[in-house]
Amino acid sequence: MNTDHPYPPMRAEEIPPGVQEVILPTGERALAYSTGPTTPPPAPTALVAPVAQPVPAWAKTTALLVPTTGFGIGAAGVGLSYAAPGLIAMSHALWAAVALIATGGAAAAALIRRCRRPAPTHITQHITATGWFGRANGTINH
Numbered sequence: 571m572n573t574d575h576p577y578p579p580m581r582a583e584e585i586p587p588g589v590q591e592v593i594l595p596t597g598e599r600a601l602a603y604s605t606g607p608t609t610p611p612p613a614p615t616a617l618v619a620p621v622a623q624p625v626p627a628w629a630k631t632t633a634l635l636v637p638t639t640g641f642g643i644g645a646a647g648v649g650l651s652y653a654a655p656g657l658i659a660m661s662h663a664l665w666a667a668v669a670l671i672a673t674g675g676a677a678a679a680a681l682i683r684r685c686r687r688p689a690p691t692h693i694t695q696h697i698t699a700t701g702w703f704g705r706a707n708g709t710i711n712h
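Residue numbers (the working numbering): 571 to 712.
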């Protein structure tokens with residue numbers, strides 16, 4: 571070891587992570603930064619019990635809502651399967667009502683057209699022309 575160095579050598583515990591003690595070709599020991607992946611510090615040999623982490627509130631809420639939502643969707647499916655015959659009958663009844671309204675409207679329009687007397691047609695023309703070769707302009711009023 572070189573005794574001319576102004577600083578005392580560092581102990582292994584004092585060396586920061588990412589820094590290694592290397593031996594140069596001249597035989598000197600030096601500290602150098604590691605360019606490769608650093609090795610993690612060795613795990614303590616004593617067995618340490620894992621610390622239980624608390625469950626986040628959003629996880630609890632989600633865990634409680636998932637079965638509720640699933641059962642709700644299932645109940646809706648069962649309800650629709652029981653209601654399907656009634657829904658089909660109601661849709662047929664609604665289409666029949668639409669057809670009745672359309673037919674009644676067409677029949678009423680035809681009846682009104684047949685019963686109405688046509689009014690006499692009265693056409694009035696106003697034609698004017700000015701000058702020897704003037705253009706004639708006119709209006710027709712019904």
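Ideal Cβ placement from N, Cα and C applies to all residues, glycine included. Quick caveat: nothing in here was measured; it's all calculated off a predicted structure.
Report task. Would you check whether the ligand NAD has a heavy atom nearer than 6 Å to the C-beta of Leu650? Result -> The ligand NAD is not part of this structure, which contains no ligands at all.
**Report entry** Simplified DSSP assignment, three categories, for Lys594
**Finding:** This sequence places Leu at residue 594; Lys is not what is there. Here Leu594 sits in coil by DSSP.
Query raised in the report: Is DSSP giving Ala724 helix, strand or coil here?
Result: This structure does not reach residue 724, given that the chain is present from 571 up to 712, and the question cannot be answered.
Query raised in the report: Which partner residues of His696 appear in the DSSP bridge assignment?
Result: Thr709
Query raised in the report: Run through DSSP, which three-state label would Tyr603 get?
Result: strand
Query raised in the report: Roughly how many angstroms separate the alpha carbons of Ala645 and Ser651, rounded to a whole number?
Result: 10 Å
Requested in this report: Pick helix, strand or coil for Val668, following the three-state DSSP scheme.
Outcome: helix
Report task. With DSSP as the reference, label Val621 as helix, strand or coil. Result -> coil
Query raised in the report: Which residues does DSSP pair with Val589 in a beta bridge?
Result: Tyr603
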